[in-house]
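I have placed the structure first, in the form of structure tokens, so that the comments after it can refer back to it.
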Amino acid sequence: MVGPLLVVKDLVKEFGGFRAVDGVSLELFPGEILAFLGPNGAGKTTTIAMITTLIKPTSGAITLGGVDVVRQAEAAKALFGVVFQEAAVDRDLTARENLWLHAVLYGLPRSEREERIEEMLRLVELIDRRDDLVRTFSGGMQRRLEFARGLMTRPRVLFLDEPTLGLDVQSRERIWSYIERIRSDYGTAFFLTTHYLEEAERVDRVAIIDHGRLIAVDTPGGLKASHGAASMDEVFLTLTGHGIRDEQLDAASLQRVFRHRRKQ
Amino acid sequence: MDGLSREMAAVGAIWWRDVIQFLRNKGRSASHLAMPLMWLLLFGVGMNRAFRPGALGGEISYLQFVYPGIVGMTILFSGLFSAFGIVADREFGYLKAFLVAPIRPSSMVLGRILSGTTLTALQALVMVGLAPIVGISLSLPMVLQLGPIIILFAFATTAASVALAGLVRSHIGFIVANQFLALPIFFTCGAVFPLVNLPAWMDLLVMINPATYAVGALRLVVLTTQGVGWPVAARFGPFLFGRPVGLAADLAITVGFTALFFALAVRAFRA
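Protein chains in written order, with our numbering: chain A, -4 to 259; chain B, 176 to 446.
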């Protein structure tokens, strides 16, 4: 049995007196696709920000491929890729230039850069648009380019924060086909958040977080069986209730998190 | 690639991105390069009319006095604003792509400072080329001495800008902080009036103003290469302990401030 790739243990993040993440423990195995679900403000984004070194945990441990993510952030950064919720490609550069910049930042050897960029642009079907400025791309195309960017450095795990948000069914389907292909070709693990619960049906395991705590971790089939539910929607509503949540930590307030981090 | 060459490649790529963005935005690059001409004509020529000949002692004209001040002002305003790209990146969510990349925070910061320095210094160098418009004769010694001072001061103001970008939360905050800082620094650095006969509180502001010494250095070089003797060239300040500050001391103090701002900039982006 292969050991876990990512181990998160007793992870806690406090902002002022508020515990945004309250003792999360989780494992991710090589090649596994894990959906990390929860209502708005449940602690998803904060958890991912800690695992991807953007903010420091108040307490707890994170190891990725044997590397201590908190103490050896730089070594850990080389092992994962991230596709953020917000557009993280430069609209004033071409598709190829975006990937080139990323390749240099990740220290891809000069001799491999061009080849890898071509390969990625082919994978996400943007090879014909490689020299066009990204500002001329549709939302779906930008997302695909971000996907290529995240995968280009062959990470052991790719974090995807709502990778299919706001995309049409065709684009979402395409993103999922890339995920499955990359997993089978390279054994890459995926750690993703989504609010489209039908997408959580096609992953290996689902982890549900609410009020900063994990309330369920199981296969989609296991979760449905144990809650007598027909769909993931039903499981989710049973576990997290019907009330609407205030967004505690949206993208904008993550900036305040960065400030907070620096003061520590 | 080994660690250092990898970091240097990252610095170069970040520099390249900012420069290519600048070149692609035609409106931005055109106005950036036209600005020096506008400053020189409007500010320099206009102010020259307002001053009686002999107001500065007779040996030099107000234009000769204020020209290095306008060069300094251009660097100050342009450099202090140059990290706006970082603030914009943060608001678009793109900054995170740099923060999760396996490079040192100092590499990211250095790349941004070098691109800001390039564009800011370019503007000031255009101004040096335009010197004859305001009656300053171009000479090789002047250009060779002004060049390094311009680059140093551009680096200092850009580093301060990056540090500021790390502190503010929004682009509005950055703009407000810029305006709040730039004008007092400008008016107390000796760019537009001699640093003599000032009230004590203003003397203090002049003394702690990082731009004072860079502008002092620019002025000493411009005036001495125009054939103005040291006692006259140094007569407008800055002064420390009652004596005019020489070129070497001006530069040493500016280097000190530059190192401080660089350290603050790195600190602002360290995880």
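Virtual Cβ for every residue (Gly too), placed ideally from N, Cα, C.
**Prompt:** So, G391/B versus F79/A, is the Cβ gap smaller than 8 Å?
**Reply:** As a working note, residue 391/B is residue 216 in the second sequence. As a working note, residue 79/A is residue 84 in the first sequence. Contact flag unset, no.
**Prompt:** In whole angstroms, what separates the C-alpha of V482/B from that of F231/A?
**Reply:** As displayed, chain B neither begins before 176 nor continues past 446, which places residue 482/B out of reach and without an answer.
**Proximity below 8 Å, CB of I326/B to CB of Y242/B** = Stepping through the second sequence from its first residue, residue 326/B is reached at position 151. Stepping through the second sequence from its first residue, residue 242/B is reached at position 67. The answer is no: Cβ separation not under 8 Å.
**Within chain A, partners of I278/B - CB distance below 7 Å** = Locating residue 278/B in the second sequence gives position 103, counting from the first residue. L100, listed in chain order.
**Message:** Rounded to whole angstroms, what is the Cα-Cα separation between V343/B and A225/A?
**Reply:** The residue you call residue 343/B lines up with position 168 of the second sequence. The residue you call residue 225/A lines up with position 230 of the first sequence. Cα to Cα, V343/B sits roughly 49 Å from A225/A.
**Request:** Taking V309/B and L238/B to be in contact with their CB atoms under 8 Å, please state how far apart those CB atoms are, rounded to whole angstroms.
**Result:** What you label residue 309/B is simply residue 134 of the second sequence in a count that begins at 1. What you label residue 238/B is simply residue 63 of the second sequence in a count that begins at 1. Confirmed, Cβ separation roughly 5 Å.
**Request:** Following the continuous beta strand (DSSP E) through L32/A, name the residue where it begins and the one where it ends.
**Result:** Here residue 32/A corresponds to residue number 37 of the first sequence, with the count starting at 1. According to the DSSP assignment, L32/A belongs to the beta strand (DSSP E) that extends over 28 to 32.
**Request:** Starting from R208/A, follow its DSSP beta bridges and name the residues at the other end.
**Result:** For the purposes of this step, residue 208/A is taken as residue 213 along the first sequence, with counting starting at 1. R208/A is bridged by DSSP to D205/A.
**Request:** Run down chain B in chain order and give the residues with a C-beta less than 8 Å from the C-beta of V129/A.
**Result:** Counting from one through the first sequence, the residue named residue 129/A turns up at place 134. Residues of chain B passing the Cβ test: none, with the nearest at roughly 11 Å.
**Asked** Within the 8 Å Cβ cut-off, does T47/A reach chain B?
**Response** Stepping through the first sequence from its first residue, residue 47/A is reached at position 52. It does; some Cβ of chain B falls within 8 Å.
**Item:** Per-residue contacts from L96/A into chain B (C-beta, under 7 Å)
**Value:** Sequence index remark: in the first sequence, residue 96/A carries index 101 (1-based). Residues of chain B whose Cβ lies closer than 7 Å to the Cβ of L96/A are, in chain order, A188, R192.
**Asked** Which word fits E92/A, buried or exposed, when buried means at least 16 other C-beta atoms lie within 10 angstroms of its C-beta?
**Response** Against the first sequence, residue 92/A aligns to sequence position 97. Classification of E92/A: buried, given that the 10 Å Cβ count is 16 or more.
**Message:** Please state whether the Cβ-Cβ distance between L339/B and T363/B is less than 8 Å.
**Reply:** One-based indexing of the second sequence puts residue 339/B at position 164. One-based indexing of the second sequence puts residue 363/B at position 188. The answer is no: Cβ separation not under 8 Å.
**Message:** If I follow the unbroken alpha helix (DSSP H) through A184/A, where does it start and stop?
**Reply:** Here residue 184/A is taken as the residue at index 189 of the first sequence, counted from 1. Segment 184 to 188 is the beta strand (DSSP E) holding A184/A; no alpha helix (DSSP H) there.
**Prompt:** Under 8 Å, do G202/A and L209/A count as touching if we go by C-beta distance?
**Reply:** Your numbering for residue 202/A matches position 207 in the first sequence. Your numbering for residue 209/A matches position 214 in the first sequence. Note on identity: in this sequence residue 202/A is Ala, with Gly being the wrong assignment. Remark: C-beta atoms of A202/A and L209/A approach each other more closely than 8 Å.
**Prompt:** For T48/A, which option in I347/B, A188/B, A389/B, A272/B has the closest C-alpha, if you only look at C-alpha atoms?
**Reply:** As a position in the first sequence, residue 48/A is number 53, starting the count at 1. With distances taken between Cα atoms, T48/A lies closest to A272/B.
**Request:** Quick one: measure Cβ to Cβ for R111/A and M136/A, integer angstroms, because I've assumed they're closer than 8 Å.
**Result:** Within the first sequence, the letter at position 116 stands for residue 111/A. Within the first sequence, the letter at position 141 stands for residue 136/A. About 19 Å separates the beta carbons of R111/A and M136/A, which is beyond the 8 Å limit, so they are not a contact pair.
**Message:** Just to confirm before moving on: does the CB-CB distance between L29/A and D199/A stay below 8 Å?
**Reply:** What you label residue 29/A is simply residue 34 of the first sequence in a count that begins at 1. What you label residue 199/A is simply residue 204 of the first sequence in a count that begins at 1. For the 8 Å CB-CB criterion, L29/A and D199/A form a contact.
**Under 9 Å by beta carbon: chain A residues contacting V441/B** = Translated into positions along the second sequence, residue 441/B becomes position 266. In chain order: nothing, as chain A lies at least about 12 Å away.
**Request:** With 9 Å as the limit, tell me which residues of the stretch 78 to 95 of chain A have their beta carbon closer than that to any beta carbon of chain B; keep them in chain order.
**Result:** Correct list: F79, Q80, E81, A82, A83, V84, D85, R86, D87, L88, E92, W95.
**Asked** Under the three-state reduction of DSSP, which class applies to A386/B: helix, strand or coil?
**Response** On the second sequence, position 211 is the one that residue 386/B refers to. It is helical.
**Item:** For D193/B, the three-state DSSP class (helix, strand or coil)
**Value:** Walking along the second sequence from the start, residue 193/B turns up at place 18. Secondary structure of D193/B (DSSP, three-state): helix.
**Asked** Is it the case that the Cβ atoms of V2/A and G55/A are separated by a distance below 8 Å?
**Response** On the first sequence, position 7 is the one that residue 2/A refers to. On the first sequence, position 60 is the one that residue 55/A refers to. No. Outside cutoff.
**Item:** Any C-beta of chain B under 8 Å from that of H255/A
**Value:** By one-based count along the first sequence, residue 255/A stands at place 260. Residue confidence is low: H255/A scores 48 on pLDDT, short of 50, so the model does not pin down where it sits. Its coordinate-derived value is still stated next. Between H255/A and chain B, the shortest Cβ-Cβ separation is not below 8 Å.
**Item:** Under 8 Å from the C-beta of G268/B: neighbouring residues of chain A
**Value:** Locating residue 268/B in the second sequence gives position 93, counting from the first residue. Near G268/B (Cβ distances below 8 Å), the residues of chain A are F79, Q80, E81, A82, A83, A246.
**Request:** Give the C-beta separation of D348/A and R144/A to the nearest angstrom, bearing in mind that I take them to be a contact with Cβ-Cβ under 8 Å.
**Result:** The displayed coordinates of chain A run from -4 to 259. Any statement about residue 348/A would go beyond what the structure contains.
**Request:** Just mark Q165/A as buried or exposed, buried being the case when its beta carbon has 16 or more other beta carbons within 10 Å.
**Result:** The residue given as residue 165/A occupies position 170 in the first sequence. Under this definition Q165/A is an exposed residue.
**Request:** Locate the beta strand (DSSP E) running through G145/A, then write down its first and last residues.
**Result:** Here residue 145/A refers to the residue found at position 150 of the first sequence. For G145/A, there is no enclosing beta strand (DSSP E); the enclosing alpha helix (DSSP H) has its first and last residue at 134 to 147.
**Anticipated Cβ contact below 8 Å, F31/A with T188/A, distance rounded** = Counting from one through the first sequence, the residue named residue 31/A turns up at place 36. Counting from one through the first sequence, the residue named residue 188/A turns up at place 193. Indeed they touch by this definition, with Cβ atoms about 5 Å apart.
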